[in-house]
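Asks: Protein chains in written order, with my numbering: chain A, 1 to 431; chain B, 1001 to 1181. Backbone N, C-alpha and C define an ideal beta-carbon position, used for all residues, glycine too. Note that the coordinates shown come from a computational prediction; the quantities given were computed from them, not determined experimentally.
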Amino acid sequence: MSGSDFAGAVRRAHAAGRLVVQPRMGLGDPALMRAGLVATKAAAARTVGTITLDSYTRIGDLESAERAVRGGMDLNGYPIVTHGARATRRMLDGVADADFPVQVRHGSARPARIVEAMCRAGLSATEGGPVSYCLPYGRTRLDVALHDWTRACRILASNRPDGATPHLETFGGCLMGQLCPPSLLVAVSVLEALYFRSMGITSVSVSYAQQTNEEQDREAIAALRGLCAELLPDVDWHVVVYAYMGVYPRTAGGARELLAQAARLAVDSGAERLIVKTVAEAHRLPTIAENIEALEFADGVAAGRPKPAGRAAGHRDSEVYQEAHALVEAVLNLAPEPGRALVTAVQRGLLDVPFCLHPENAGRARSFIDADGRLRWAEVGAMPLRGAVVRGGIKALTASGLVQALSHMQRTYDAAALERSRRGAALGMSS
Amino acid sequence: MGSAGRGGRGSGDVAAVRQSGDVAASRGPGEVHQARKPGAVREPGRMVVVSSLSSDAHTWNLVFLQLLIEEAGFEVVNLGPCVPADLLVSACRGLRPPLIVLSSVNGHGHQDGLRAIAALRAHEELATTPVVIGGKLGVGAGDRTAVVKELLAAGFDAVYDDVPDAEEFRGLVGALAAIRS
Ligand code: B12
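#1: Within the same chain, show all residues whose beta-carbon is closer than 6 angstroms to that of A:A388, passing over the 5 residues directly before and after it, in chain order.
#2: Taking the alpha-carbon of A:T170 as reference, which of A:A229, A:N159, A:V190, A:T202 has the nearest alpha-carbon?
#3: Cβ of A:A112 less than 9 angstroms from any chain B Cβ?
#4: Closer than 8 angstroms between beta carbons: that is the criterion. Which residues of the region 1127-1139 of chain B meet it against chain A?
#5: Would you say B:S1090 reaches chain A, if we count a Cβ-Cβ gap shorter than 9 angstroms as a contact?
#6: Using only CA atoms, which one of A:T82, A:G49, A:V343 lies nearest to A:Y56?
#7: Would the beta-carbon of A:V188 fall within 9 angstroms of that of A:S132?
#8: According to DSSP, A:F100 sits in a beta bridge with which residue or residues?
#9: Please work out which residues of its chain come closer than 8 angstroms, Cβ to Cβ, to A:L194, disregarding the five sequence neighbours upstream and downstream, and give them in chain order.
#10: Is A:N159 near the ligand B12 - that is, is its Cβ less than 8 angstroms away from at least one heavy atom of it?
#11: Could you check whether A:F100 and B:T996 sit closer than 9 angstroms to each other, using their CB atoms as the reference points?
#12: Check whether the Cβ atoms of A:G304 and A:A417 lie closer than 9 angstroms to each other.
#13: With DSSP run on the structure shown, which of helix, strand or coil describes A:D236?
#14: Run through DSSP, which three-state label would A:G128 get?
#15: Can you find a heavy atom of the ligand B12 that lies under 8 angstroms from the Cβ of B:F1074?
#16: Does the count of Cβ pairs from the region 284-303 of chain A and the region 27-40 of chain A closer than 8 angstroms reach three?
#17: Extract the residue ranges of the alpha helix (DSSP H) inside the region 1111-1153 of chain B, only unbroken runs of 4 or more that lie entirely within it.
#18: Can you confirm whether A:S2, when its beta carbon is compared against all beta carbons of chain B, has any partner nearer than 9 angstroms?
#19: In chain order, what residues of the same chain have a beta carbon less than 8 angstroms from the beta carbon of A:N38, not counting five sequence neighbours either side?
#20: Please confirm if B:R1027 has its CB atom under 9 angstroms from at least one CB of chain A.
#21: With C-beta atoms as the reference, is A:Q216 less than 9 angstroms away from A:P182?
#22: Provide the residue span of the beta strand (DSSP E) that contains A:F6, from first to last.
#23: List the residues of chain A that B:L1172 touches, going by C-beta distances under 9 angstroms, in chain order.
#24: Below 6 angstroms CB to CB, which residues in the same chain sit around B:G1002 once its five sequence neighbours on both sides are set aside?
#25: Could you check if A:R86 is buried or exposed, using at least 16 other CB atoms within 10 Å of its CB as the buried criterion?
#26: Using the Cβ count rule (16 or more neighbours within 10 Å means buried), how would you classify A:P306?
#27: Tell me the rounded alpha-carbon separation between A:A443 and A:V241.
#28: Could you list which residues in chain B have their beta carbon closer than 7 angstroms to that of A:M73, in chain order?
#29: As a quick exercise: from A:T150, A:S205, A:R90, pick the residue whose alpha carbon is nearest that of A:V343.
#30: Between A:L168 and A:E127, is the Cβ-Cβ spacing less than 9 angstroms?
#31: Verify the contact flag: A:M118, CB atom, against every heavy atom of the ligand B12, threshold strictly below 8 angstroms.
#32: Quick check: the region 1046-1062 of chain B against the region 1104-1114 of chain B, are there 3 or more CB pairs under 8 angstroms?
#33: Mind listing, in chain order, the continuous beta strand (DSSP E) runs of no fewer than 3 residues lying wholly within the region 312-353 of chain A?
#34: In the DSSP assignment, the alpha helix (DSSP H) including A:F196 goes from what residue to what residue?
#35: Leaving out five residues on either side along the sequence, give the residues of the same chain with a beta carbon under 7 angstroms from the beta carbon of A:S367.
#36: Excluding the 5 residues preceding and the 5 following A:A68 in the sequence, name in chain order all residues of the same chain whose CB lies nearer than 6 angstroms to its CB.
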């Protein structure tokens, strides 16, 4: 039924010159979840499907998930463990297939039960990582997360419904969603892919979330591709771009333009897949219709964009590459197994995520957005990035200063959208 | 209330572990860039508690609220993301906070908030402590007044559901700080 090969479908689309677009979609009720997948499949775009899980299932609070399902309460995603394999297979029947594979997005630091449930339901693609699904997603200890992730990877690696190849995507390219300089995102994305490979996963995708400066984003994806080419020669990998994961524009015009920018970034950098955001992002969970609109809009932008002529040369000279390379090298030197190396690196502050409250994150690194909109390091703590520090970039942190930094993209894109509609109105009046 | 500034200590020493795999408490943003103030003593009755609810992993909201409350002159214990009701209760019973600020934006705040307030109010020493909740408390786009009423009836002193900014709340914290100084 759903014995679909996730990476295979993406590869075929790429060969045909199409960017694969994918929603962030999760509905608590199986009938609604099915309707969302059916609509995604039918959209006028090259799509794959998503099942995003609810927060109770993510943290392993199955009792609350159960109570919500029984009480008919709204959930912020699909409770895959609670609904069980039979209901999920029925939900997917006739929808998931070789050309429309479905991925589970779960945000869980302890994913073994979730991976078990999805495998029993015939699904074989998911995402995450022992660091990227731990530090931003709660208070689970890193060694506990690594242990559970290792179990989950073993379950996934041995699961081949209808011969499908298990697929894992890193969330390392996103982390906290905002205010993290790209080199750290690229490094964690690559390191988690190396961890997946060490667990016997042979088909991976590496993520990168759009940040605050177009040129820096291009450098970051070129660096990501370069590092993967060097370090993952024996693995089937592709790049997935996430439309901006931080505080989103409030206006529909601003939200669409930021998504358009993400689609252009994906095409120009040779990425194979894009995960979209909708006009509802700043406000509430999107409806199915809003998701379809975003998918078709992003597909239209991507289709109208000329494909890049060749691989960007000279990616090794960029600041992002050099910093990411230094981080990856320092981490891999800590231990022979990438998983252990990753966890030790966080515990020693060799990877230090700005503004992350997880108690095992060193919390000494600081970032800021410079006058060009580039994300930069103000402090690097114990990370091997001493030369990257820009002095004098930040003032004392205040509540309004934090909101100012967090809403940089929202402000920029909302202002431009309002200006466009003002000019449009003026033009309309004069003609 | 003395000016605590950004000494806002993390709560690494609030000892209450629920599940073996979880870390008891998180640090505050103050520690992100500033060392702890040497000799800062945590007196019961003076530290405001900021906390997420059981299922919510978002933390930017918590960092924002901690800074805002510190700017009013309080010290803050930030319990961090995904705080189960029993951890919230044990931290608050020890600290006797002048104010408890709960925040949730993942859409489960309504359900998780009802459980948290029931657990807090079940303890005599927390029966009259001011407790407020805010963020994006529900999933649906529909009428939210019923949710706000239900949370108020359950024992919250104020509910800030999907407010455009936190200015009204800033006023409340400022007034509370003035009374106590
Ligand atoms: C960054 C982000 C993330 C990051 C969070 C990293 C981290 N550890 O913090 C990541 C990518 C990991 C993430 C994950 C998820 N997210 Co999220 N996330 C966001 C995003 C883009 C920005 C949030 C942010 O940083 N805001 C900045 C802070 C400072 O502002 P704020 O949180 O909005 O709070 C303000 C007010 O609400 C208010 N406030 C908040 N609390 C309180 C309390 C009081 C007392 C007062 C007075 C005021 C107040 O003051 C703040 C300043 O104005 C928002 C959408 C958006 N806004 O653009 C979605 C959003 C909050 N996420 C959402 C969801 C659902 C999730 C997930 C469950 C995944 C999913 N199913 O889609 C998971 C969380 C898993 C879990 N266990 O909870 C939804 C919530 C929907 C809803 N409520 O109906 C949103 C709105 C996106 C959407 N449209 O779907 N997310």
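Replies: For this structure:
#1: E323, W377
#2: A:V190
#3: no
#4: K1136, G1138, V1139
#5: no
#6: A:T82
#7: yes
#8: A:D97
#9: L231, L232, L332, P338
#10: no
#11: Because chain B is modelled from 1001 through 1181, residue 996 of chain B falls outside the range shown and cannot be assessed.
#12: no
#13: strand
#14: strand
#15: no
#16: yes
#17: 1145-1153
#18: Because A:S2 carries a pLDDT of 41, less than 50, the predicted location of this residue cannot be relied on, and no value is offered for it.
#19: According to the sequence displayed, residue 38 of chain A carries Val and not Asn. If we look at A:V38 and ignore the five residues flanking it on each side, its Cβ neighbours are V95.
#20: For B:R1027, the predicted structure reports a pLDDT of 47, less than 50, and the residue's modelled location is therefore unreliable. A value from the coordinates is still provided. Yes, B:R1027 lies at the interface with chain A (some Cβ there is under 9 angstroms from its Cβ).
#21: yes
#22: No beta strand (DSSP E) holds A:F6; the alpha helix (DSSP H) holding it covers 6-15.
#23: Within 9 angstroms Cβ-Cβ: nothing; B:L1172 doesn't reach chain A, min ~14 angstroms.
#24: Below a pLDDT of 50, predicted positions are generally treated as unreliable, and B:G1002, at 29, falls in that range; the measurement from the model is reported next regardless. Within the same chain, B:G1002 has no close Cβ partners at all.
#25: exposed
#26: exposed
#27: Missing from the structure shown is residue 443 of chain A; chain A here goes from 1 to 431 and no further.
#28: Q1111
#29: A:T150
#30: yes
#31: no
#32: yes
#33: none
#34: 182-198
#35: L179, C180, P181, P354, L375, R376, W377, A378
#36: L75
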